[in-house]
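Asker: The structure under discussion is supplied below as structure tokens; questions concerning it will follow.
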Amino acid sequence: MGDLVWILLSAMVVNNFTLALFLGLCPFMGVSARVETALRMGLANIFVLVITSLCAWLLNSFVLEHAPFLRIISFIVVIASLVQIVEMAIKKFSPVLFQQLGIFLPLITTNCAILGLAIFQTNRGYGLFQGLAFAVGAGLGLTLALVLMASIREDSERATVPSLARGTALVMIIAGSLSLAFMGFAGLGSAT
Amino acid sequence: MSDPKLRISASPYLLGGDSTPRIMWTVVATLVPIVAASVWFFGPSALLIQGAAVLGALLPERFAGRRGTLGDGSAVITGVLLGLTLPPGMPLWMAFLGGFFGVAFGKIIFGGLGQNVFNPALLGRAFLQAAFPVPITTWPATGGDWWALRGDNFALPLMSPQVVDGSTGATPLGLHKFENTSSEIGDLLIGSTSGSLGETCGVLILLCGLFLAWKNYLNWRIPASIFLTVIVFSGVLNLVDGERYPGPLFMLFSGGLMLGAIYMATDMVTSPTTHPGCWIFGAGIGFLVVVIRMWGGLPEGVMYAILFMNAFVPFINRVTRPRVFGARKPPTPSAEAKA
Numbered sequence: 128m129g130d131l132v133w134i135l136l137s138a139m140v141v142n143n144f145t146l147a148l149f150l151g152l153c154p155f156m157g158v159s160a161r162v163e164t165a166l167r168m169g170l171a172n173i174f175v176l177v178i179t180s181l182c183a184w185l186l187n188s189f190v191l192e193h194a195p196f197l198r199i200i201s202f203i204v205v206i207a208s209l210v211q212i213v214e215m216a217i218k219k220f221s222p223v224l225f226q227q228l229g230i231f232l233p234l235i236t237t238n239c240a241i242l243g244l245a246i247f248q249t250n251r252g253y254g255l256f257q258g259l260a261f262a263v264g265a266g267l268g269l270t271l272a273l274v275l276m277a278s279i280r281e282d283s284e285r286a287t288v289p290s291l292a293r294g295t296a297l298v299m300i301i302a303g304s305l306s307l308a309f310m311g312f313a314g315l316g317s318a319t
Numbered sequence: 003m004s005d006p007k008l009r010i011s012a013s014p015y016l017l018g019g020d021s022t023p024r025i026m027w028t029v030v031a032t033l034v035p036i037v038a039a040s041v042w043f044f045g046p047s048a049l050l051i052q053g054a055a056v057l058g059a060l061l062p063e064r065f066a067g068r069r070g071t072l073g074d075g076s077a078v079i080t081g082v083l084l085g086l087t088l089p090p091g092m093p094l095w096m097a098f099l100g101g102f103f104g105v106a107f108g109k110i111i112f113g114g115l116g117q118n119v120f121n122p123a124l125l126g127r128a129f130l131q132a133a134f135p136v137p138i139t140t141w142p143a144t145g146g147d148w149w150a151l152r153g154d155n156f157a158l159p160l161m162s163p164q165v166v167d168g169s170t171g172a173t174p175l176g177l178h179k180f181e182n183t184s185s186e187i188g189d190l191l192i193g194s195t196s197g198s199l200g201e202t203c204g205v206l207i208l209l210c211g212l213f214l215a216w217k218n219y220l221n222w223r224i225p226a227s228i229f230l231t232v233i234v235f236s237g238v239l240n241l242v243d244g245e246r247y248p249g250p251l252f253m254l255f256s257g258g259l260m261l262g263a264i265y266m267a268t269d270m271v272t273s274p275t276t277h278p279g280c281w282i283f284g285a286g287i288g289f290l291v292v293v294i295r296m297w298g299g300l301p302e303g304v305m306y307a308i309l310f311m312n313a314f315v316p317f318i319n320r321v322t323r324p325r326v327f328g329a330r331k332p333p334t335p336s337a338e339a340k341a
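As you go down the protein sequences, you meet chains A and B in turn. The numbering used here applies: residue 128 is where the first sequence begins, and numbers increase by one. The numbering used here applies: residue 3 is where the second sequence begins, and numbers increase by one.
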């Protein structure tokens, strides 16, 4: 149990996917203008990451035992198509949830964070529950990064930013500063 | 036109006399005894480091900031605070670079004073820590000739600094973390331990902080909640395993906690605007400081704790925004959909 909590926390802050491993930067830069949108993007991320973790575990345990060279291609195909199917099901059964997640589900299916999670999980030999904890932690970490970024960006919209730094340049600098702040967690837990 | 008898203007009519330059220069004045103490403990090297950091901080403010902001003293504070977080033996050009980076990328690029997200001094130090991890964690031994430089201060940029005499010491936190020996509390209070320039003399910093709190130039809730959290959290850990976790007093007066809690976390720009927000902000810093010190890879975590909570400030402000008197919460969309 403590093991699972540690995996979750580690994926969330110590090895934050966006700010420490630099995965999933496109939603981090692109969908972080508003806090509400960022929060929904984060929720969609958690959702897809959990599906990814399940798929990767199923594929690894039952299908890919004799053909590990097919790993990456089968991860991509299976995860992408499963997310599409789940999306259709949600659209049919729960229109409210579909509206909340909306366009984000298909957008992040091909994100590097998703494939990264599947590959990390495989390399570290996580079991089903470890993988799920890892996925939820990574998703929460992405949500944290997105919401922090969005709230900072909303505030700096009212600032008199010099014209040469306005827009993407400022977002990049904020991202770098956030990443510097997250460096303090590096090595957390290793010195115990 | 003669002077009119009746002048009409918009409020405010009563002014307290406080202005940005006045507050900033008062803070600089309270920093003078701390700088003096650092010179007393570390000799001329301390003054050189401070000077280089201030120079680096003033340069972008002068050339890239809006006109008139050089005199308001905020860049001087950034420079002095950055200098106080550096070890005395550091090459001067690194201190200069840290000050420059902190003000240019921590403040000017966000639009100048009042609009930055992160504390510029701490951002400068985090940058130095990432760029030059070895010089920034090389501490000189205490004692010795007062006039001697405490390291190769005059190393040329991008040259590896020469090791002057190899007499390096360790900070109390480093000693505790890596060699498991603790330091005398008395030494920590007065500051006769090894460490960065401003992370030694706890009592002096506390006195200056009391003065600033009395003048209302810092929100006392932030340091109070940082200290409370650290005392409670480390006290509980100490009770659980006294061998492994040091007591609250050691935690309070070692490392940069005093300087960070009183001068850096209370930066008016990068701390929350609401009082409940300040309590949350301080509690977050205190918690993270203990977590990073006890379980992290680095011996000291005050800088990262404050930077991390700086990032939360816009979010904390948003969550703790007070309700307008008489206003009601707007119904949530899902409640509307059900109705």
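The beta-carbon is built from N, C-alpha and C at its ideal position, and this holds for glycine as well.
1. What does F144 of chain A reach in chain B if we use C-beta pairs closer than 7 Å?
2. Which term fits A54 of chain B, buried or exposed, when burial requires 16 or more other beta carbons within 10 angstroms of its beta carbon?
3. Counting pairs of Cβ atoms below 8 Å between the stretch 207–219 of chain B and the stretch 273–280 of chain B, do you hit three or more?
4. Using a cut-off of 8 Å between C-beta atoms, extract the partners of A307 of chain B located in chain A.
5. Rank B:L199, B:I10, B:L239, B:N312 by C-alpha distance to the C-alpha of P35 of chain B and give the top, closest one.
6. Could you tell me the distance, in whole angstroms, from the CA atom of M92 of chain B to the CA atom of G101 of chain B?
7. Thinking C-beta only, is S256 of chain B closer than 8 Å to P174 of chain B?
8. Does DSSP put P274 of chain B in a helix, in a strand, or in coil?
9. Distance, Cα to Cα, A308 of chain A vs V315 of chain B?
10. Can you tell which of A:R161, A:C153, A:G169 has its C-alpha closest to the C-alpha of M139 of chain A?
11. Between the alpha carbons of I318 of chain B and L275 of chain A, how many angstroms are there, rounded?
12. Going by DSSP in three states, P90 of chain B sits in which element: helix, strand or coil?
13. Is any beta-carbon of chain A found at less than 8 Å from that of V136 of chain B?
14. Using beta carbons (cut-off 8 Å, strictly below), is A314 of chain A in contact with chain B?
15. When you compare each of B:W148, B:V56, B:K7 to G104 of chain B by their alpha carbons, which one comes out closest?
16. Hey, would you say A123 of chain B sits closer than 8 Å to M266 of chain B, going by beta carbons?
17. For L239 of chain B, which residues in the same chain have their Cβ closer than 6 Å to its Cβ, ignoring the five residues on either side in sequence?
18. Throw me the rounded Cβ distance for the M311 of chain B and A128 of chain B pair, which I believe falls under 8 Å.
19. Can you list the residues of chain A that L239 of chain B reaches, using a CB-CB cut of under 7 Å?
20. Touch check for the stretch 146–166 of chain A and the stretch 262–274 of chain A: three-plus C-beta pairs under 8 Å?
21. By the 10 Å Cβ neighbour count, where 16 or more other Cβ atoms means buried, how is V190 of chain A classified, buried or exposed?
22. How many Å lie between W42 of chain B and A133 of chain B at the Cα?
23. With contact counted as at least three CB pairs below 8 Å, one residue from each stretch, are the stretch 174–190 of chain A and the stretch 151–158 of chain A in contact?
24. Using only CA atoms, which one of B:A97, B:P159, B:A307 lies nearest to V82 of chain B?
25. Whose C-beta lies closer than 8 Å to the C-beta of V232 of chain B among residues of the same chain, with five residues either side of it excluded?
26. For N238 of chain A, name the three-state secondary structure that DSSP assigns.
27. Measuring alpha carbon to alpha carbon, tell me which of A:S290, A:G294, A:G266 ends up nearest I279 of chain A.
28. Quick one: list the residues of chain B neighbouring I279 of chain A, beta-carbon separation under 7 Å, in chain order.
29. Curious, which full-length alpha helix (DSSP H) runs of at least 4 residues does the stretch 14–93 of chain B contain?
30. To the nearest angstrom, how far is it from the Cα of G279 of chain B to the Cα of H193 of chain A?
31. Going by C-alpha distance, which of B:I110, B:L8, B:A39, B:V321 is nearest V288 of chain A?
32. For G298 of chain B, decide whether its Cβ has a neighbour in chain A, counting only Cβ atoms nearer than 8 Å.
33. In its own chain, which residues sit with a C-beta less than 7 Å from the C-beta of G75 of chain B, not counting the 5 before and 5 after it?
34. Using a C-beta cutoff of 8 Å, does V307 of chain A count as contacting chain B?
35. Assign I10 of chain B to one of two classes, buried (16 or more other C-beta atoms within 10 Å of its C-beta) or exposed (fewer than that).
Answerer: This is what the structure gives:
1. The premise fails here: F144 of chain A is roughly 16 Å from chain B at the closest Cβ pair, so nothing lies under 7 Å.
2. A54 of chain B comes out buried.
3. Per the Cβ contact rule, the stretch 207–219 of chain B is not in contact with the stretch 273–280 of chain B (fewer than 3 Cβ pairs under 8 Å).
4. Near A307 of chain B (Cβ distances below 8 Å), the residues of chain A are G311.
5. B:L199
6. Our two residues, M92 of chain B and G101 of chain B, have alpha carbons roughly 14 Å apart in a direct line.
7. yes
8. coil
9. 13 Å
10. A:G169 is the residue among A:R161, A:C153, A:G169 whose C-alpha sits nearest the C-alpha of M139 of chain A.
11. 10 Å
12. coil
13. no
14. Strictly speaking, residue 314 of chain A in this sequence is Gly, with Ala absent from that position. Closer than 8 Å to some Cβ of chain B, the Cβ of G314 of chain A qualifies, so yes.
15. B:V56
16. yes
17. Y247
18. About 13 Å separates the two Cβ atoms, so there is no contact after all.
19. Residues of chain A passing the Cβ test: none, with the nearest at roughly 12 Å.
20. yes
21. Within a 10 Å sphere around the beta-carbon of V190 of chain A sit fewer than 16 other beta-carbons, which makes this residue exposed.
22. 29 Å
23. no
24. B:A97
25. P250, M253, L254, L259, G288, V291, V292
26. In the structure shown, N238 of chain A falls within a coil segment according to DSSP collapsed to helix, strand and coil.
27. For the residues A:S290, A:G294, A:G266, the minimum Cα distance to I279 of chain A belongs to A:G294.
28. V119, A313, P316
29. 22–44, 46–65, 76–86
30. 56 Å
31. B:I110
32. yes
33. P23, M26, W27, V30
34. At residue 307 of chain A the sequence reads Leu, which differs from the Val that was named. Cβ-Cβ to chain B under 8 Å: yes for L307 of chain A.
35. exposed
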